[in-house]
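Peer 1: Numbering (our numbering), first residue to last: 15 to 149. All C-beta atoms, glycine included, are put in the ideal place defined by N, C-alpha and C. Keep in mind it's a predicted model, so treat the numbers as computed, not measured. Here it is, the structure in full.
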Amino acid sequence: MGEILRVRTTKHTSIVNITHQVREVVKRSGVVDGICVVYTPHTTACIFINEGADPDVVRDIVYALEKLIPWNDPNYAHAEGNSAAHIRSAIIGNSRVIPVIGGELALGTWESIFLADFDGPRERKVIVQVLGEGT
Ligand code: ZN
């Protein structure tokens, strides 16, 4: 069963914790044993899983990405001017697969699922597809 979530981002760089919404899709799917694919169909946004307990972790990820892939680089060729967003998205990847066990996402204790928007604010789509066996 698949669903499309719509996530409104609020800043140029926005990292949004979407774990709760994904869990709700898994619940509605009735799948007990299977996999959950979380995918965003955008070229300047991506999906990653990391620590959701301490917000400083996400802050440091953003800091490091900005340092590694600066917004302004005179050697970028892409005329739209948002190459850094494309590169950050390409490196991180626009999907993740999470096992579903006992009807729940098998995430680690400190893990959360994040949508990262590097060229917002915009409305972003997140497609959640849950595959497997029900009860
Ligand atoms: Zn572009």
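Would the C-beta of N96 count as close to the ligand ZN, meaning under 6 Å from any of its heavy atoms?
Peer 2: Yes, the Cβ of N96 comes within 6 Å of a heavy atom of the ligand ZN.
Peer 1: Using DSSP's beta-bridge definition, name the partner residues of E17.
Peer 2: E17 pairs with V142.
Peer 1: What do you reckon, are the CB atoms on T58 and S97 nearer than 7 Å?
Peer 2: For T58 and S97, no; Cβs fall outside 7 Å.
Peer 1: So if DSSP puts G48 in a beta bridge, which residue, or which two residues, is it bridged to?
Peer 2: Per DSSP, V114, G146.
Peer 1: Less than 8 Å between C-beta atoms, sequence neighbours within five positions excluded: which residues of the same chain meet that for T54?
Peer 2: Excluding residues within five positions, the ones whose Cβ falls inside 8 Å are C60, I61, N108, S109, L129, R138, K139, V140, I141.
Peer 1: Tell me which same chain residues have a C-beta within less than 8 Å of the C-beta of N64, skipping the five on either side of it?
Peer 2: Excluding sequence neighbours, N64 sits near V71, V72, I75, E125, S126, F128.
Peer 1: Using DSSP with H/G/I as helix, E/B as strand and the rest coil, what is I127?
Peer 2: Strand at I127.
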